[in-house]
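Residue numbers (the working numbering), protein chains in the order written: chain W, 317 to 618; chain Z, 317 to 618. Heads up: the structure comes next, in structure tokens.
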């Protein structure tokens, strides 16, 4: 049982009728929905955050949990080049999470919501044995312009933003800039809009489960292979952390060969790490050797 | 700590800027979002279903859990007179829920999805200590036509569909039609569309937590009081179960005085149970006596 195998079983059974308005269904960072007459497509993503799985109450402050719950969804919107519009927050609370915890959780969530102009438009509340938050974020992009992950073409250049492995390092050391990167991830919304509008990226996704696994997902969706060199490593992190560590929330993207990509976007380095190749679908080569998809899968490492 | 008090604390902090597209935010059955140029408003609702809270794995089959997870959201869409469009399914699985459980869960969910033309457009998967499902359902209604719960006016007649208390009775007896009503609730989508298009209902909501609590919520949202007689009782149920029992998923609605409401819609009885009054906001009188809001609140009865 892996996350992919479960989703693949469901995907095979789902029918998307013509005229349903669903332009992109399961398998991308966001679903894309088109309303008759609308000038923009709407993007939707949903992300679970579960105590003991995604965070520990002893380690992560309530405000940080609220921040990350929304940041994860915003990162998916960024990956498609969307602008956030609103979110819905479902929160299942165990006995230990009283009014003060909930207030601080929402303080963290509302702060990043305000900073990104995301309206908290509704949600649901329940009891639960472990604290569970599920957030839906809705975004918008001009009709047909959302950057998908299934459109990388042979010969495209592969890029990442930032330096990888910081979140994994932070989770281990719990201090410094790496810890900050782990606890307060910044969704790359401005970069995503730039990839859509200026660089006309052919494909993009956010790095939530580690480059090795996420690049494989992008390659599978696009029915291509990929060849890369070592990605830029976060100061102090190992190459393993950069390749397989989760929760960096940087963007992985491809552009047509010959596209001029500046070395930085604002303060963020943009680094060419490789090229899209013909080959076994989903195969990723690192310095010529097969790279195992050892990134984070809830179901392989429970 | 009650569900209302938590949501009220959040609601007070949420700002909905002009031009955000969010027409209805927290506090109704669905959030309502308007895209520039679109001919329809979009409705969004999110509902948690938690093992040990909303269902027991020993009592509810996986297909029934899948059915109910989606039916609850569809019922919110029905309450606003919307047509379903798509849903996103977040599923957090404990170790005991393997591939067979997940397959049967999706069989139940995909069956009601197909019957109601709801496209499963995405979702998320995680591990969790207790099985938790959060579903977002999106629906649509012509611009400005969604039936809200904050628009009941003094003098309006109050109606309910069906007979109440069946789900509470079924949960107790676990047999017969009441059990079926509890396990396989039918969202009143056709009725909701009829209330919007033909009866021009002034307000509506679905009965998920019991008439006493839900009518109070409608009255508070509309800043009115209500006076009712005993509602129609599901065969075999008690008046208490009809007044306070949750999960009937019938519709509660108000219409302007003088509106002709037929005694049935298809096979479903429509019963006038009272009238909207001036008075203490949220106060509900049953046969002249205050009716306590004893319906289901996760946080009052954990």
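Every residue gets a Cβ at the ideal spot worked out from N, C-alpha and C, and that includes glycine.
Self-check item: Nearest to residue 382(W) (by Cα), restricted to the options 368(W), 527(W) and 429(W)
Solution: Taking the first residue of the first chain as 1, we reach residue 382(W) at position 66. Nearest C-alpha to residue 382(W): 429(W).
Quiz item: If residue 317(Z) and residue 414(W) are in contact, beta carbons under 8 Å, what's the gap, nearest whole angstrom?
Solution: Residue mapping note: residue 317(Z) aligns to position 1 of the second chain, counting from 1. Residue mapping note: residue 414(W) aligns to position 98 of the first chain, counting from 1. Residue 317(Z) to residue 414(W), Cβ: 6 Å. Contact.
Self-check item: Proximal residues of chain W, C-beta to C-beta of residue 390(Z) below 8 Å
Solution: Here residue 390(Z) refers to the residue found at position 74 when the second chain is read from its first residue. None at all; the shortest Cβ gap to chain W is about 15 Å.
Quiz item: To the nearest angstrom, how far is it from the Cα of residue 486(W) to the Cα of residue 608(W)?
Solution: Position 170 of the first chain, counted from the start, is the residue given in the question as residue 486(W). Position 292 of the first chain, counted from the start, is the residue given in the question as residue 608(W). About 23 Å.
Quiz prompt | Rounded distance between the beta-carbons of residue 357(Z) and residue 348(Z), thought under 8 Å | solution = Here the question's residue 348(Z) lines up with position 32 in the second chain. Here the question's residue 357(Z) lines up with position 41 in the second chain. Indeed they touch by this definition, with Cβ atoms about 5 Å apart.
Practice problem: Measuring only between beta-carbons, confirm whether residue 356(W) sits less than 7 Å from chain Z. | Solution: Translated into positions along the first chain, residue 356(W) becomes position 40. For residue 356(W), the answer is yes, since a Cβ of chain Z falls inside 7 Å of its Cβ.
Self-check item: CA-to-CA distance, residue 364(W) to residue 333(Z), given in whole angstroms
Solution: What you label residue 333(Z) is simply residue 17 of the second chain in a count that begins at 1. What you label residue 364(W) is simply residue 48 of the first chain in a count that begins at 1. Rounded to the nearest whole angstrom, the C-alpha separation of residue 333(Z) and residue 364(W) is 27 Å.
Self-check item: the segment 535-549 of chain Z touching the segment 452-461 of chain Z, judged by at least three CB pairs closer than 8 Å
Solution: Flag = no, the segment 535-549 of chain Z and the segment 452-461 of chain Z do not touch.
Quiz item: So the beta strand (DSSP E) residue 433(W) belongs to, where does it begin and stop?
Solution: In the first chain, counting from the first residue as 1, residue 433(W) sits at position 117. Residue 433(W) -> no beta strand (DSSP E), and no H or E assigned at all.
Quiz item: From 436(Z), 451(Z) and 465(Z), pick the residue whose C-alpha is nearest to that of residue 440(W); which is it?
Solution: Translated into the one-based positions of the first chain, residue 440(W) becomes position 124. Closest option to residue 440(W), judged by alpha-carbon separation, among 436(Z), 451(Z) and 465(Z): 451(Z).
Quiz item: For the segment 445-465 of chain W, which residues have a CB atom closer than 8 Å to at least one CB atom of chain Z, in sequence order?
Solution: Listed in sequence order: 445, 446, 448, 450, 452, 454 and 456.
Quiz prompt | Contact list for residue 337(Z) against chain W, beta-carbon separation under 7 Å | solution = One-based indexing of the second chain puts residue 337(Z) at position 21. Correct list: 401.
Quiz item: With a Cβ-Cβ cutoff of 7 Å, do residue 407(Z) and residue 475(Z) count as a contact?
Solution: Stepping through the second chain from its first residue, residue 407(Z) is reached at position 91. Stepping through the second chain from its first residue, residue 475(Z) is reached at position 159. Not a contact, by the Cβ cut-off of 7 Å.
Self-check item: Interface flag, residue 318(W) vs chain Z, CB-CB below 7 Å
Solution: Residue 318(W) sits at position 2 when you count from the first residue of the first chain. Chain Z has no Cβ within less than 7 Å of the Cβ of residue 318(W).
Quiz prompt | Proximity winner among 388(W), 528(W), 520(W) and 397(W), relative to residue 472(W) (alpha-carbon distances) | solution = If you number the first chain from 1, residue 472(W) lands on position 156. Considering only alpha carbons, the answer is 520(W).
Practice problem: Taking the CB atoms as reference points, tell me whether residue 560(W) and residue 528(W) lie closer together than 7 Å. | Solution: The count along the first chain starts at 1 and reaches residue 560(W) at position 244. The count along the first chain starts at 1 and reaches residue 528(W) at position 212. The Cβ atoms of residue 560(W) and residue 528(W) lie closer than 7 Å to each other.
Exercise. Determine the burial state of residue 618(W): buried for a count of at least 16 other Cβ atoms within 10 Å of its Cβ, exposed for fewer.
Key: Position 302 of the first chain, counted from the start, is the residue given in the question as residue 618(W). Low confidence applies here, because residue 618(W) scores a pLDDT of 36, under 50, leaving its location unreliable; read the following figure in that light. In summary, residue 618(W) is exposed, with fewer than 16 beta-carbon neighbours lying within 10 Å of its beta-carbon over all protein chains present.
Quiz item: Interface residues of chain W around residue 442(Z) at Cβ under 8 Å?
Solution: Numbered from its first residue, the second chain carries residue 442(Z) at position 126. Proximity of chain W to residue 442(Z) at the Cβ level (cut-off 8 Å) is accounted for by 364, 366, 369, 370 and 614, in chain order.
Self-check item: Test item: CB-CB of residue 259(W) and residue 335(W) under 7 Å
Solution: Outside the shown range of chain W, which is 317 to 618, sits residue 259(W), and nothing can be said about it.
Practice problem: Residues of the segment 499-529 of chain W with a CB closer than 8 Å to any CB of chain Z: list them in chain order, please. | Solution: With the criterion set as a beta carbon lying under 8 Å from some beta carbon of chain Z, the segment 499-529 of chain W has no members that meet it.
Self-check item: Within-7 Å CB hit, residue 341(Z) to chain W
Solution: By 1-based counting over the second chain, the position of residue 341(Z) is 25. Put simply, the CB of residue 341(Z) is near chain W, with a gap under 7 Å to one of its CB atoms.
Exercise. Report yes or no: is there a C-beta of chain W within less than 7 Å of the C-beta of residue 618(Z)?
Key: As a position in the second chain, residue 618(Z) is number 302, starting the count at 1. With a pLDDT of 36 at residue 618(Z), under the threshold of 50, the modelled position of this residue cannot be trusted, and the question is left open.
Quiz prompt | Whole-number beta carbon distance between residue 446(W) and residue 445(Z), since they are thought to touch under 8 Å | solution = Here the question's residue 445(Z) lines up with position 129 in the second chain. Here the question's residue 446(W) lines up with position 130 in the first chain. Confirmed, about 5 Å.
Quiz prompt | Under 8 Å (Cβ pairs) to chain Z, residues found in the segment 410-429 of chain W | solution = Of all residues in the segment 410-429 of chain W, only 411, 414, 415, 418, 419, 422 and 426 come within less than 8 Å of chain Z when Cβ atoms are compared, listed by chain position.
Quiz item: Straight-line CA distance for residue 442(W) to residue 395(Z)?
Solution: Residue 442(W) sits at position 126 when you count from the first residue of the first chain. Residue 395(Z) sits at position 79 when you count from the first residue of the second chain. Rounded to the nearest angstrom, the two C-alpha atoms are 21 Å apart.
Practice problem: Please confirm if residue 393(W) has its CB atom under 7 Å from at least one CB of chain Z. | Solution: Position 77 of the first chain holds residue 393(W). Output row for residue 393(W): interface = no.
Quiz item: What are the start and end residues of each continuous beta strand (DSSP E) run of 3 or more residues lying completely inside the segment 383-446 of chain W, in chain order?
Solution: Here the runs fully enclosed are 399-409 and 435-443.
Exercise. Kindly say whether residue 605(W), judged by its beta-carbon, lies nearer than 7 Å to any beta-carbon of chain Z.
Key: Working through the first chain from its first residue, we reach residue 605(W) at position 289. With 7 Å as the cut-off, residue 605(W) does not count as an interface residue toward chain Z.
Quiz prompt | Residues near residue 410(W) in its chain [Cβ-Cβ closer than 8 Å; skip 5 each side] | solution = For the purposes of this step, residue 410(W) is taken as the residue at position 94 of the first chain. If we look at residue 410(W) and ignore the five residues flanking it on each side, its Cβ neighbours are 367, 443, 444, 445, 446 and 447.
Exercise. Alpha carbon to alpha carbon, how far is residue 556(W) from residue 353(W)? Give it in angstroms, no decimals.
Key: Working through the first chain from its first residue, we reach residue 353(W) at position 37. Working through the first chain from its first residue, we reach residue 556(W) at position 240. Take the alpha-carbon of residue 353(W) and the one of residue 556(W): they are about 48 Å apart.
Exercise. Excluding the 5 residues preceding and the 5 following residue 575(Z) in the sequence, name in chain order all residues of the same chain whose CB lies nearer than 8 Å to its CB.
Key: Counting from one through the second chain, the residue named residue 575(Z) turns up at place 259. The beta carbon of residue 575(Z) lies closer than 8 Å to those of 473, 515 and 516 in the same chain, with the five residues before and after it left out.
Quiz item: Within 10 angstroms of its Cβ, does residue 337(W) collect 16 or more other Cβ (buried), or is it exposed?
Solution: As a working mapping, residue 337(W) is identified with position 21 in the first chain. Buried.
Quiz item: Residues in its own chain within less than 6 Å of residue 558(W) by CB, not counting five upstream and five downstream?
Solution: Within the first chain, residue 558(W) is the residue found at index 242, counting from 1. The answer, listed in chain order, is 480, 481, 547 and 549.
Quiz item: Where in the segment 495-538 of chain Z do unbroken runs of the beta strand (DSSP E), each at least 3 residues long, occur, reported from the N-terminal end onward?
Solution: Segments of the beta strand (DSSP E) lying fully in the segment 495-538 of chain Z: 519-522.
Quiz item: Can you tell me where the alpha helix (DSSP H) with residue 586(W) in it begins and where it stops?
Solution: As a position in the first chain, residue 586(W) is number 270, starting the count at 1. For residue 586(W), no alpha helix (DSSP H) segment is defined; the enclosing uninterrupted segment is the beta strand (DSSP E) at 584-593.
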